[in-house]
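Student: Line by line, the protein sequences are chains A and B. Under the numbering used here, think of the first position of the first sequence as 1, with each following residue one higher. Under the numbering used here, think of the first position of the second sequence as 1001, with each following residue one higher.
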Amino acid sequence: EPEVTQTPSHQVTQMGQEVILRCVPISNHLYFYWYRQILGQKVEFLVSFYNNEISEKSEIFDDQFSVERPDGSNFTLKIRSTKLEDSAMYFCASSEGDQPQHFGDGTRLSIL
Amino acid sequence: LAKTTQPISMDSYEGQEVNITCSHNNIATNDYITWYQQFPSQGPRFIIQGYKTKVTNEVASLFIPADRKSSTLSLPRVSLSDTAVYYCLVGVEDSNYQLIWGAGTKLIIKP
């Protein structure tokens, strides 16, 4: 069964640095998503992406964040000037549309 | 503020039926209700999705009343491996359209 893959599985970064989290969605999917989950808390929606542009974003997704689909397979989340509170699991998901979202196993981001 | 509400935790025993309810007062008219399962250190996994009445698949059933302001995930004959966190996800219409996740229900199955 096709899977969403995320790299790296764990990213450790100094506060103030920029990080790029990478995702390869399922190949025939058209909708892409990023979520955040702080340890022990619920899944939080960040952004959805369709047709090469952001379709929805949450209040969390401020100017510190950006997304990009640099080629036909990758979908990235960039976090600029990282803060301690950005430490969390970041999940990528993709879907065909109204079909359910398929999630990767996440990138654990640790900000020191 | 649009939100969903689920019980924080539930306990049950192997072989029992478990029902988890999510309330979602502001659900968007044309949106589905979706439930996900999450194990530690993994991404959420799709369980079931529905719009109204009842949906059943090989792992669960989903009951949705006519007003669609709540939904109930039913897991028949649970086993220890069903211990996980269960989330409902809905689209809601507030000042704008939003995808809203419930806070999750931690289900613990005991032998």
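Ideal Cβ positions, reconstructed from N, Cα and C, are used throughout, including at glycine.
Find the residues of chain D that neighbour G104 of chain A, judging by a C-beta separation of less than 7 angstroms, and give them in chain order.
Tutor: Among the protein chains of the structure shown, namely A and B, there is no chain D.
Student: Which ranges would you report for the beta strand (DSSP E) in the segment 64-98 of chain A if only whole runs of at least 3 residues count?
Tutor: As far as the segment 64-98 of chain A is concerned, its whole beta strand (DSSP E) runs of at least 3 residues are 65-68, 75-79, 88-95.
Student: Please report the Cβ distance between S1081 of chain B and E1017 of chain B, rounded to the nearest whole angstrom; I am assuming they are in contact, meaning their Cβ atoms lie under 8 angstroms.
Tutor: Position 81 of the second sequence, counted from the first residue, corresponds to residue 1081 of chain B. Position 17 of the second sequence, counted from the first residue, corresponds to residue 1017 of chain B. The Cβ separation is near 16 angstroms, so there is no contact.
Student: Check the Cβ-Cβ distances between E1049 of chain B and every residue of chain A, and say whether any is below 8 angstroms.
Tutor: Counting from one through the second sequence, the residue named residue 1049 of chain B turns up at place 49. Looking at the sequence provided, one finds Gln at residue 1049 of chain B rather than Glu. By this cut-off, Q1049 of chain B is an interface position.
Student: I'd like to check one pair, G1050 of chain B with I1064 of chain B: are the Cβ atoms closer than 8 angstroms?
Tutor: Working through the second sequence from its first residue, we reach residue 1064 of chain B at position 64. Working through the second sequence from its first residue, we reach residue 1050 of chain B at position 50. Yes.
Student: Find out if the Cβ-Cβ distance for the pair T1029 of chain B, C1088 of chain B is shorter than 8 angstroms.
Tutor: Position 29 of the second sequence holds residue 1029 of chain B. Position 88 of the second sequence holds residue 1088 of chain B. Result no, Cβ atoms of T1029 of chain B and C1088 of chain B do not sit closer than 8 angstroms.
Student: Please list, in chain order, the chain B residues whose beta carbon lies closer than 7 angstroms to that of P100 of chain A.
Tutor: By 1-based counting over the first sequence, the position of residue 100 of chain A is 100. The answer, in chain order, is T1034, F1046, Q1049.
Student: Taking 7 angstroms as the cut-off, does the CB of P100 of chain A come closer than this to any heavy atom belonging to the ligand COA?
Tutor: You won't find the ligand COA in this model; it holds no ligand whatsoever.
Student: Give the straight-line distance between the Cα atoms of S87 of chain A and Q11 of chain A, rounded to the nearest whole angstrom.
Tutor: As a position in the first sequence, residue 87 of chain A is number 87, starting the count at 1. As a position in the first sequence, residue 11 of chain A is number 11, starting the count at 1. Cα-Cα distance, rounded: 10 angstroms.
Student: Would you check if the distance between the CB atom of L39 of chain A and the CB atom of T107 of chain A is smaller than 8 angstroms?
Tutor: In the first sequence, residue 39 of chain A corresponds to position 39, counting from 1. In the first sequence, residue 107 of chain A corresponds to position 107, counting from 1. Contact flag unset, no.
Student: Would DSSP call S48 of chain A helix, strand or coil?
Tutor: By one-based count along the first sequence, residue 48 of chain A stands at place 48. Looking at S48 of chain A - three-state DSSP - the assignment turns out to be strand.
Student: On the three-state DSSP scale, how would you describe D62 of chain A?
Tutor: What you label residue 62 of chain A is simply residue 62 of the first sequence in a count that begins at 1. Residue state, collapsed to three classes: coil.
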